[in-house]
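So the structure is just underneath, and the comments pick up after that.
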Amino acid sequence: MTTEFEGVEKRLEIVFGKEEDSLREVLTEEVWLDILRSIDCWIVDKLLTASVDSYLLSASSLFVFDDRLIIKTCGEIKLFQAITKILGLSKRTPVGVKFTRGTYFWPERQPEPHGNFPSEVSELRRNFLELDDTVTAEFGTDEKHKFHIFAAAASGSSVSDGVTVEILMTGIEKSKASVFFKDSGMPGSMTSASGIDQIFPESSICDHEFPTCGYSMNGVVGSNSVYTIHVTPEEGFSFASFEVCGCETHSLEKLVQNVLSCFNPSTFTVVLHTRSKLELLDLNIEGRICKEKDCQNLGSYGTMTYLSF
1 MTTEFEGVEK
11 RLEIVFGKEE
21 DSLREVLTEE
31 VWLDILRSID
41 CWIVDKLLTA
51 SVDSYLLSAS
61 SLFVFDDRLI
71 IKTCGEIKLF
81 QAITKILGLS
91 KRTPVGVKFT
101 RGTYFWPERQ
111 PEPHGNFPSE
121 VSELRRNFLE
131 LDDTVTAEFG
141 TDEKHKFHIF
151 AAAASGSSVS
161 DGVTVEILMT
171 GIEKSKASVF
181 FKDSGMPGSM
191 TSASGIDQIF
201 PESSICDHEF
211 PTCGYSMNGV
221 VGSNSVYTIH
231 VTPEEGFSFA
241 SFEVCGCETH
251 SLEKLVQNVL
261 SCFNPSTFTV
271 VLHTRSKLEL
281 LDLNIEGRIC
291 KEKDCQNLGS
301 YGTMTYLSF
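According to UniProt numbering, numbering within the sequence shown proceeds without interruption in unit steps and concludes at 309.
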């Protein structure tokens with residue numbers, strides 16, 4: 001039995017039509033416990049605010065807003081098995097769905113349909129037949145650092161919600177990775193020892209340190225911006241992911257630098273998802289060279305920009 005862990009996450013976002021009651025009132029923690037049980041996942045911590053219910057999971061994160069949800073799972077979780085329950089228990093009609101992921105370290109170990117992206121797309125189309133405005137895109141030419149997206153929306157729906165930034169990092173510097181082992185001997189929590197608490201110093205945070213190694217956190221910034229970090233620190237397949245939703249892009253370079261300072265990865269990819277059309281941007285990251293960049297229009301889901309370093 002392998003001890004290697006797949007850190008690359010599957011990210012699923014479902015947007016629902018406006019209703020009188022909030023999605024959070026319907027999909028409560030008790031309901032989520034039932035949904036997550038169906039995919040062998042559970043809640044390890046939570047951070048509830050006036051605008052978002054944030055849950056740390058045994059395999060990544062879940063955010064529930066008034067009209068949408070974002071669920072991320074790593075490892076070999078059968079994420080799509082939760083879709084039927086989510087749609088049934090939400091008691092409302094989806095108007096948009098977005099699925100994204102990077103390149104798995106070991107795609108051959110993924111359960112169906114996650115072994116390859118076309119199979120994932122087919123399964124999503126089957127679950128969201130009524131969403132006929134669809135787009136499928138792939139970014140990157142390096143097989144190890146490709147980024148995939150499938151998005152679908154009901155015709156005429158506006159489903160994009162501000163700016164999302166994802167940073168996928170591989171080859172974490174050994175000294176940085178050591179912080180995320182229980183026997184590191186570092187004083188304080190992994191959050192403070194790594195510098196993660198300085199990325200958004202004014203944010204509210206919930207975090208979880210796994211028994212031997214590994215780390216997850218969710219944070220809420222201001223009224224409704226959220227961010228999350230997940231770390232698989234083992235040498236040979238070390239991986240860290242960062243995501244923030246609802247941030248401003250004017251300080252993007254500073255944000256990326258702050259995140260990189262916690263991990264100093266050998267390679268990383270930045271994916272920027274915006275509501276409006278965006279010119280292909282440059283990121284000037286000190287000591288780094290951008291090897292590849294791409295920008296694609298996603299229709300109802302705005303624009304996505306990909307930069308690989």
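C-beta atoms are modelled at their ideal positions from N, C-alpha and C, and glycine is treated no differently.
Nearest Cα to Leu36 within the set Asp66, Ile83, Thr3 and Pro265: Ile83. Annotation: the continuous alpha helix (DSSP H) that includes Asn258 extends over Leu252 to Phe263. The three-state reading of DSSP puts Phe63 in strand, counting E and B together. Leu33 has its alpha-carbon roughly 12 Å from the corresponding atom of Leu56. Fewer than three Cβ pairs drawn from the stretch 131 to 147 and the stretch 242 to 256 lie within less than 8 Å of each other, which leaves the two stretches out of contact.
In the three-state reduction of the DSSP assignment, Glu13 falls in the strand class, which pools E and B. Nearest neighbour of Thr232 by Cα position, chosen from Ile39, Ala50, His208 and Ser203, turns out to be His208. When the five nearest sequence neighbours on each side are left out, the beta carbons in the same chain lying within less than 6 Å of the beta carbon of Phe5 are those of Thr232, in order along the chain.
Setting aside the 5 residues that flank it on each side, Ile70 is surrounded in the same chain by Glu13 and Phe63, each with a C-beta closer than 6 Å to its C-beta; the list follows chain order. When the Cα atoms are used, Ser90 and Leu23 turn out to be separated by approximately 7 Å.
Distances from the alpha-carbon of Phe99 to those of Ala59, Ala153, Thr93 and Cys295 put Ala153 closest. Here the stretch 118 to 135 does not lie against the stretch 211 to 218, with fewer than 3 beta-carbon pairs under 8 Å apart. Here Ala50 is exposed. Its C-beta has fewer than 16 other C-beta atoms within 10 Å. The three-state secondary structure of Ser90, taken from DSSP, is helix. Val135 places its beta carbon less than 8 Å from that of Gly299. In this structure, Thr191 sits away from Ile172, with a CB-CB distance that is not shorter than 8 Å. The Cβ atoms of Gly302 and Thr274 sit closer than 8 Å to each other. By the Cβ-count criterion, Thr269 is buried, with 16 or more other Cβ atoms from all chains shown falling within 10 Å of its own Cβ.
Per the coordinates, the alpha-carbon of Ser61 lies some 31 Å from the alpha-carbon of Gly287. Of all alpha-carbon atoms in Asp142, Lys10, Gly17 and Leu307, the one lying nearest the alpha-carbon of Phe150 is that of Lys10.
CA-to-CA, the gap between Thr228 and Phe117 works out to about 24 Å.
Taking the C-beta atoms as reference points, Phe239 is found nearer than 8 Å to Val8. Under a 10 Å Cβ-count criterion, Thr28 is classified as exposed, with fewer than 16 other Cβ atoms of the shown protein chains found around its own Cβ. Put simply, of Ile43, Arg92 and Phe80 the residue whose alpha carbon is nearest the alpha carbon of Gly17 is Arg92.
Burial is judged here by how many other beta carbons sit within 10 angstroms of a residue's own beta carbon; Asn284 has fewer than 16 and is exposed. Here Val52 carries a coil assignment [DSSP, helix/strand/coil]. In the three-state DSSP reduction, Tyr301 falls in the helix class (H, G or I).
Closest option to Ser58, judged by alpha-carbon separation, among Met169, Glu108 and Met217: Met217. When the beta-carbon positions are compared, Leu307 and Lys293 come within less than 8 Å of each other.
Within the model, the alpha-carbon separation for Lys182 versus Glu20 is close to 46 Å. Contact between Asn224 and Val26 fails: their C-beta atoms lie close to 19 Å from each other, not under 8 Å.
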